[in-house]
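**Q**
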Amino acid sequence: MFRWTAVSPRPGEPVAPDERLAWGKTIGIGAQHVVAMFGATFVFPVVMGLDPNLAIMFSGICTILFLLVTANKVPSYLGTSASFVAGVATIRAQGGNSADVTGAILIAGVILLAIGVAIHFVGAGFIHKLLPAPVTGAVVLLIGFNLAPVVATVYWPQDQWVALLTALFLIVAAVRLPGFWARIAVLLALVFGYVLSWIFDMAIGPITSVLPGSTDPVAHDRVSWAGVEAANWIGLPSGVLSDGVGVVHGPSFSLSFALLVIPGVIALVAENTGHVKAVAEMTGKNLDPYMGRAIAADGGATALSSLFGGSPTTTYAENIGVMSSTKVYSTAAYYVAALVAILLGLCPKFGAIVNATPGGVLGGVTVVLYGMIGLVGAKVWVDNRVDFGSSVNLVGLAPGIIAGIGGVSLKLTDNFELGGIALGSILVIVGYHLVNTGRSRSHSDHGSPDTAPAR
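Residue 919 in my numbering sits at position 347 of the sequence shown; the count goes up by one each step and never skips.
1. Take Val837 and list the residues in its own chain whose beta-carbon comes closer than 6 angstroms to its own, dropping the five residues that flank it on each side.
2. How many whole angstroms separate the CB atoms of Leu840 and Thr886, which I take to be in contact at a CB cut-off of 8 angstroms?
3. Counting only runs that start and end within the region 594 to 670, where is the alpha helix (DSSP H) found for 4 or more residues in a row?
4. Since Ile945 is in the alpha helix (DSSP H), which residue starts that stretch and which ends it?
5. Taking the straight line between their C-alpha atoms, what separation do you get for Ile914 and Val908?
6. Less than 7 angstroms between the C-beta atoms of Ala608 and Ile806, yes or no?
7. For Lys857, which option in Arg592, Pro617 and Asn644 has the closest C-alpha, if you only look at C-alpha atoms?
8. So, under 8 angstroms CB-CB, Met620 and Pro809 are touching, yes? Tell me the CB distance rounded to an integer number of Å.
9. Secondary structure at Glu989, three-state DSSP: helix, strand or coil?
10. Over what stretch of residues does the alpha helix (DSSP H) that includes Val851 continue unbroken?
11. Buried or exposed for Ala1026, going by 16 or more other Cβ atoms inside 10 Å?
12. What residues match up with Thr1030 in a beta bridge as DSSP calls it?
13. Take the Cβ of Thr652 as the centre, count every other Cβ of all protein chains shown within 10 Å, and call the residue buried at 16 or more, exposed below.
14. On the criterion of 16 or more Cβ atoms from any shown chain inside 10 Å, does Asp788 qualify as buried, or is it exposed?
15. Tell me the rounded alpha-carbon separation between Val912 and Thr938.
16. Just the Cα atoms here: how many angstroms apart are Phe825 and Arg592?
17. Taking contact to mean at least 3 C-beta pairs separated by less than 8 angstroms, is the region 741 to 759 in contact with the region 594 to 610?
18. Between Gly799, Asp672, Ile925 and Phe638, which has its C-alpha nearest Val767's C-alpha?
19. So, helix, strand or coil for His792, using DSSP?
20. Counting only the same chain and skipping the five closest in sequence on each side, list residues whose C-beta sits under 7 angstroms from that of Ile661.
21. DSSP state of Gly864, grouped into three classes?
22. Can you check which of these residues, Gly697, Pro920 and Leu760, is closest to Asp860 by C-alpha distance?
23. Would Leu622 pass as a contact of Thr635 if the rule is Cβ separation under 7 angstroms?
24. Excluding the 5 residues preceding and the 5 following Val744 in the sequence, name in chain order all residues of the same chain whose CB lies nearer than 8 angstroms to its CB.
25. Whole-angstrom Cβ separation of Tyr901 and Pro586, contact assumed at under 8 angstroms?
26. According to the neighbour-count rule (16 or more other Cβ atoms, all chains shown, within 10 Å of its Cβ), is Leu813 buried or exposed?
27. Give me, in chain order, the residues of the same chain whose beta-carbon lies closer than 7 angstroms to that of Val851; leave out the 5 immediate sequence neighbours on both sides.
28. Report the start-end ranges of each alpha helix (DSSP H) in the region 753 to 822 that is 4 residues or longer and not cut off at the edges.
29. When DSSP builds the beta bridges, which residues end up paired with Ser981?
30. Counting only the same chain and skipping the five closest in sequence on each side, list residues whose C-beta sits under 6 angstroms from that of Ser1016.
31. Return the residue from the list Glu989, Gly818, Gly992 and Ile867 that minimises the CA-CA distance to His693.
32. Are Val795 and Ala676 touching if we call contact CB-CB under 7 angstroms?
33. Tell me which residue opens and which closes the beta strand (DSSP E) that Val725 is part of.
34. Only counting the same chain, and skipping five residues up and downstream in sequence, which positions put a Cβ closer than 8 angstroms to that of Ser1020?
35. Taking the alpha carbon of Asn669 as the reference point, which residue from Gly996, Met895 and Val819 has its own alpha carbon closest?
36. Ordered along the chain, which non-local residues of its own chain (more than five positions away) have a Cβ less than 7 angstroms from that of Thr642?
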């Protein structure tokens, strides 16, 4: 499994998953994968209130697990998933802490693992019937748009001008920079916002705004490196999170909280399916026999990470983009990237720098990323030619989308309430299949969720 054939390809000639370049060049490609995954892999743990250092370390561990489970046939990198951010925000809004968050995500990971095992043995047909493109697109859309209040009430108000300038920089970088630079636009925007905040501190002085967890505005520096100075250079992730829970902690289980993150499972099934198909097309290999393994590996990786307080994982489109541009599909490069990520996770000072990211910078980045997640749901509809001239699709999906985005809730008992994306996803699935019962559906009505949503 760990024997790659060394090759020296001509310019433009692809390198297969079981081949590798000279180790020096392989390390260089691996470094590109680290840079490509880095921005989103540490942004999403921060916005979920989890530790980015632990997330980056587990992204390396989970990538190795993924490669082993898929027998080195599916070159992919596992970074932090955004599919659970909305559910996590709701859990915290309902009084849950980080242990409740990781407990809910662990349950979701086990469910995804079970789905992957089922697909491996019986095929993906039943998933496509349960979650056709109209349903998958709607769930992904409401996951992204449900997060709009988080940007508006938590991050953006901390420094609206830094947020606005960071968002504009990210937009321009993503569409105007060439090739690889456009793929790391999130990372570049984070660096830009970080430097801009420091310049504002030097030129203007402290800003007065409401920080997360407080109700009154206070004067504070945009960039505070007190934690960076106190952090060690080498060590395991440690300390406590903002809610007082340890960085490394065990999960706490609650059915009501688990239901809030289940919609993320739907997104991950579609995402992994799309990514495996994309890799298969690039490499010219038939990877359908490994579809179930890939989904199961992602589920197992998510469960493993959350067991220790880490973040959920998913295969990253950014790294698929690196393969597309370099034509190097070697899994050896992914092992290199994974090892680098593990080493970064073992540097507490690096994690402290990440944790010091100003709120205004996060506001600018998330206002773009969350909107993109929602719009990818619409892209699923477009790519699968979902017919919205049909009242079946309109009526079947509309109630769930509004319930999910608007935060509608359904109180079942004094201690159990469904709301937000959980209720919205249930209404989307039930509503769509209810109006389609007994009807003859054309391919254009539903399709299959082949297009991968954003993490």
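Ideal Cβ positions, reconstructed from N, Cα and C, are used throughout, including at glycine.
**A** This is what the structure holds:
1. Exclusion of the five residues before and after Val837 leaves Ala680, Ile683 and Leu684 as the residues of its chain whose Cβ lies within less than 6 angstroms of its Cβ.
2. Their Cβ separation, rounded to whole angstroms, is 6 angstroms, which keeps Leu840 and Thr886 in contact under 8 angstroms.
3. Segments of the alpha helix (DSSP H) lying fully in the region 594 to 670: 595 to 620, 624 to 641 and 657 to 665.
4. Residues Gly931 to Asp955.
5. If you take the alpha carbons of Ile914 and Val908, they lie about 10 angstroms apart.
6. The answer is no: Cβ separation not under 7 angstroms.
7. Looking at Arg592, Pro617 and Asn644, the one whose alpha-carbon comes closest to that of Lys857 is Asn644.
8. Wrong, their Cβ atoms sit about 15 angstroms apart, outside the cutoff.
9. Three-state DSSP puts Glu989 in a strand.
10. Unbroken alpha helix (DSSP H) run through Val851: Leu827 to Thr855.
11. Legend: pLDDT at Ala1026 = 48, less than 50; position of this residue unreliable, no value from coordinates given.
12. Residue coverage of the chain in this structure runs from 573 to 1027, which leaves residue 1030 outside it and unanswerable.
13. Under the 10 Å beta carbon count, Thr652 is surrounded by 16 or more other beta carbons and is classified as buried.
14. Answer is exposed; the Cβ neighbour count stays below 16.
15. About 26 angstroms.
16. Going by the C-alpha atoms only, they are around 43 angstroms apart.
17. Remark: three or more beta-carbon pairs, one from each stretch, lie closer than 8 angstroms, so the region 741 to 759 and the region 594 to 610 are flagged as touching.
18. Among Gly799, Asp672, Ile925 and Phe638, the Cα nearest to that of Val767 belongs to Ile925.
19. In this structure, His792 counts as strand in the three-state DSSP scheme.
20. Per the sequence shown, residue 661 should be read as Ala rather than Ile. So the qualifying residues of the chain are Leu719 and Val722.
21. Residue state, collapsed to three classes: helix.
22. Considering only alpha carbons, the answer is Gly697.
23. Not in contact: Leu622 and Thr635 (Cβ atoms no closer than 7 angstroms).
24. The beta carbon of Val744 sits closer than 8 angstroms to no other beta carbon from its chain once the five residues preceding and following it are set aside.
25. Contact flag correct, Cβ pair sits at about 6 angstroms.
26. Answer is buried; the Cβ neighbour count reaches 16.
27. Excluding positions up to five away in sequence, the list reads Val646, Pro647, Ser648, Leu859 and Ile892.
28. Runs of alpha helix (DSSP H) with 4 or more residues, each lying fully within the region 753 to 822, are found at 757 to 775 and 798 to 802, listed in chain order.
29. Per DSSP, the beta bridge partners of Ser981 are Gly991.
30. The predicted model places Ser1016 with a pLDDT of 46, which falls under 50 and marks its position as unreliable, so this point remains unresolved.
31. The question names His, but residue 693 is Phe in the sequence shown. Minimum Cα distance to Phe693 is reached at Ile867.
32. The answer is no: Cβ separation not under 7 angstroms.
33. The amino acid occupying residue 725 in the given sequence is Thr; Val does not appear at that position. Element bounds for Thr725: n/a, residue is neither H nor E.
34. Residue placement at Ser1020 is flagged as unreliable, the pLDDT there being 48, under the threshold of 50; a coordinate-derived value is accordingly withheld.
35. Nearest of Gly996, Met895 and Val819 to Asn669, Cα basis: Val819.
36. Tyr862, Arg865, Ala866 and Ala869, listed in sequence order.
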